[in-house]
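A quick write-up on the structure given underneath.
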Amino acid sequence: MKRLIILSVIFLIVGCSSSLPNKTYYQLTSDFSDSTRLQPRKVTDVIFIDNVKVANYLDKNGIVYQIDKIKYVTANNNLWLTPLSDQIKQRLLQDLSILLPNYLITAQPSLSPKASIKLYIESFHGVDTGDAVIKGYWLISNTKGVITKPFDYTLRLANDGYTALVNTLSLGWQEEEIDLVKNVKF
Numbered sequence: 005m006k007r008l009i010i011l012s013v014i015f016l017i018v019g020c021s022s023s024l025p026n027k028t029y030y031q032l033t034s035d036f037s038d039s040t041r042l043q044p045r046k047v048t049d050v051i052f053i054d055n056v057k058v059a060n061y062l063d064k065n066g067i068v069y070q071i072d073k074i075k076y077v078t079a080n081n082n083l084w085l086t087p088l089s090d091q092i093k094q095r096l097l098q099d100l101s102i103l104l105p106n107y108l109i110t111a112q113p114s115l116s117p118k119a120s121i122k123l124y125i126e127s128f129h130g131v132d133t134g135d136a137v138i139k140g141y142w143l144i145s146n147t148k149g150v151i152t153k154p155f156d157y158t159l160r161l162a163n164d165g166y167t168a169l170v171n172t173l174s175l176g177w178q179e180e181e182i183d184l185v186k187n188v189k190f
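Shown next as structure tokens:
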């Protein structure tokens, strides 16, 4: 009986001393210089970022990884710092302000915006092939009507790991923002 109690205490101590894996938090980055935002500027029009919607399977704290054609996993210890939709919206507000300096880019409803943008993200994840996938579409409403602009990127990761994945997703997202500005006339 004493032996059982001693073994139980030892297992309890060993069990309590084992550490849980550390959680790591990631945030999308931008390579665009933010110094222009600090300078006074005259804006001619307003662009309203109306909505950023990510697919339900991406709307989680964990970074999503596709392990084969039909299986996706959500990481338990590699997490987004803030919800993915919020991070993408923040990137849009900051990056489009730099790419379109004559426009006020805002998430606040305006009485008469030059354009209104809705963004739908269908894929924004890693793949076990060593790639990052970004897919979705924009709906841009302006005085000329509604423009739909789809996008679909598969980008090779420079290295293995979640840091490389988030860096690649960040760079891919910047490519799409540049493509939007080049190809859509606001």
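Using the working numbering, the letters of the sequence shown correspond one by one to residues 5 to 190.
Idealized CB from N, CA, C, for every residue including glycine.
All figures in this text were calculated on a predicted structure; none of them were measured in a lab.
With contacts defined as CB atoms closer than 8 Å, residue 141 and residue 47 fail to qualify as a contacting pair.
Looking at the DSSP output, residue 154 bridges to 141.
A check of alpha carbon separations from residue 139 across 49, 58, 32, 51 identifies 58 as the nearest. By the criterion of a C-beta distance shorter than 8 Å, residue 164 is surrounded in its chain by 134, once the five residues flanking it on both sides are discounted. Note on geometry: alpha-carbon atoms of residue 110 and residue 172 lie some 26 Å from one another. DSSP places residue 92 in the helix class (H, G or I) of the three-state scheme. Across the structure, residue 36 and residue 103 are spaced so that their CA atoms are roughly 8 Å apart. About 6 Å separates the Cβ atoms of residue 190 and residue 51, confirming a contact at the 8 Å cut-off. Looking only at 54, 49, 71, 77, the smallest Cα-Cα distance to residue 61 is reached by 77.
For residue 175, the secondary structure class from DSSP, reduced to helix, strand or coil, is helix.
Contact between residue 131 and residue 178 fails: their C-beta atoms lie close to 20 Å from each other, not under 8 Å. Between residue 169 and residue 67, the C-beta gap is smaller than 8 Å, which places the two residues in contact. In the three-state DSSP reduction, residue 53 falls in the strand class (E or B). Ranking 73, 63, 185 by CA distance to the CA of residue 121 puts 185 first. Leaving aside the five residues that flank residue 113 on each side, none in its chain has a CB nearer than 6 Å to its CB. Inter-residue distance for residue 26 and residue 81 is about 7 Å (C-alpha atoms, whole angstroms).
Excluding its 5 nearest sequence neighbours in each direction, residue 167 has no C-beta neighbour in its own chain below 6 Å. In the structure shown, the three-state DSSP call for residue 70 is strand. Residue environment: residue 90 is assigned as exposed (fewer than 16 neighbouring CB atoms within 10 Å of its CB, all protein chains considered). Residue ranges of uninterrupted beta strand (DSSP E) with 3 or more members, entirely inside the stretch 95–139 and ordered along the chain, are 107–110, 119–131.
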